[in-house]
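Below is the structure:
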């Protein structure tokens, strides 16, 4: 078993490989993380209120979803607001208890911060992309921010992944049409959808209106085929619900925040 230690960025949402993650970093522990990522980059030319710092070298950290009941800031996707920060205290593990790993799901995703821009007030705008799934082994709170020891999880197709991907794409298009109709919005999906089974599985998992535990379950699927089977069942069920409840308000259809930050 090969493990690596990386910075940890907990959120109230699930990141999937291949998906883009915009972050608004304003808490000191996460500012320290971004400063260290910039120091580790060969292109460390970032200054407050300047052009974003970009790098061809990976600037990696682990994104993990916070377990239900452990959210420190329901309105800020895992990053405490002023009130909750005061209540939870300060430090790398603030708000996550004496044993932080118990506050997080066991599987997360490595993110690569392609661009980091420091603002004049010391906060950061970050644009990262999910890359690989990892399993958490231990969390270290001895530094300015949490770090985690992780093991990369294999990405296997499983049986009939290709055929399942085709079925999921058809079900997803139907689901999109029903959802757009229930929200009384236009469906704007002119872009070509991918046909690679693993890409389909993660795109649909991220795009579907599902709660965090369900998305986490999809992230943890043992292989691509298993994830696609779960998605096919979920999409058909969600489409049927929307079809029978055409007047359901859009706010009720959306059972979680659509903002990652």
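Numbering (the working numbering), first residue to last: 1408 to 1668. By construction, the Cβ of each residue, glycine as well, lies at the ideal position given by its N, Cα and C atoms. This structure is a prediction, so every number in the text was calculated from the model and none was measured.
Can you tell me the Cα-Cα spacing of residue i and residue j, whole angstroms?
i, j, result
"residue 1422", "residue 1651", "31 angstroms"
"residue 1415", "residue 1556", "9 angstroms"
"residue 1409", "residue 1564", "22 angstroms"
"residue 1566", "residue 1613", "22 angstroms"
"residue 1444", "residue 1548", "18 angstroms"
"residue 1520", "residue 1475", "26 angstroms"
"residue 1626", "residue 1539", "11 angstroms"
"residue 1411", "residue 1419", "24 angstroms"
"residue 1425", "residue 1527", "30 angstroms"
"residue 1570", "residue 1615", "20 angstroms"
"residue 1506", "residue 1499", "12 angstroms"
"residue 1441", "residue 1573", "40 angstroms"
"residue 1550", "residue 1447", "16 angstroms"
"residue 1417", "residue 1435", "14 angstroms"
Thinking C-beta only, is residue j closer than 8 angstroms to residue i?
i, j, result
"residue 1518", "residue 1535", "yes"
"residue 1617", "residue 1641", "yes"
"residue 1467", "residue 1413", "yes"
"residue 1437", "residue 1609", "no"
"residue 1472", "residue 1611", "no"
"residue 1432", "residue 1530", "yes"
"residue 1533", "residue 1575", "no"
If I measure Cβ to Cβ from residue i and keep anything under 8 angstroms in the same chain, skipping five residues before and after, which residues do I get?
i, result
"residue 1541", "1469, 1514, 1515, 1516, 1517, 1557, 1558, 1559, 1560"
"residue 1544", "1410, 1555, 1556, 1557, 1558"
"residue 1621", "1641"
Could you name the residues of the same chain whose beta carbon sits closer than 6 angstroms to that of residue i, not counting the 5 residues immediately before and after it, in chain order?
i, result
"residue 1568", "1604, 1631, 1632"
"residue 1427", "1536"
"residue 1628", "1634"
"residue 1591", "Low confidence applies here, because residue 1591 scores a pLDDT of 49, under 50, leaving its location unreliable; read the following figure in that light. So no residue of the chain qualifies."
"residue 1508", "1546"
"residue 1465", "1519"
Residues in its own chain within less than 7 angstroms of residue i by CB, not counting five upstream and five downstream?
i, result
"residue 1585", "1646, 1649, 1650"
"residue 1504", "1510"
"residue 1643", "1578"
"residue 1554", "1412, 1413, 1414, 1415, 1547"
"residue 1512", "1471, 1472, 1474, 1623"
"residue 1601", "1607, 1610"
"residue 1497", "none"
"residue 1439", "1551, 1552"
"residue 1636", "1571"
Starting from residue i, follow its DSSP beta bridges and name the residues at the other end.
i, result
"residue 1518", "1468, 1537"
"residue 1416", "1470"
"residue 1524", "1532"
"residue 1545", "1556"
"residue 1430", "1533"
"residue 1402", "Nothing about residue 1402 can be reported from this structure: the residues present for the chain run from 1408 to 1668 only."
"residue 1423", "Paired residue(s): none; residue 1423 is not in a bridge."
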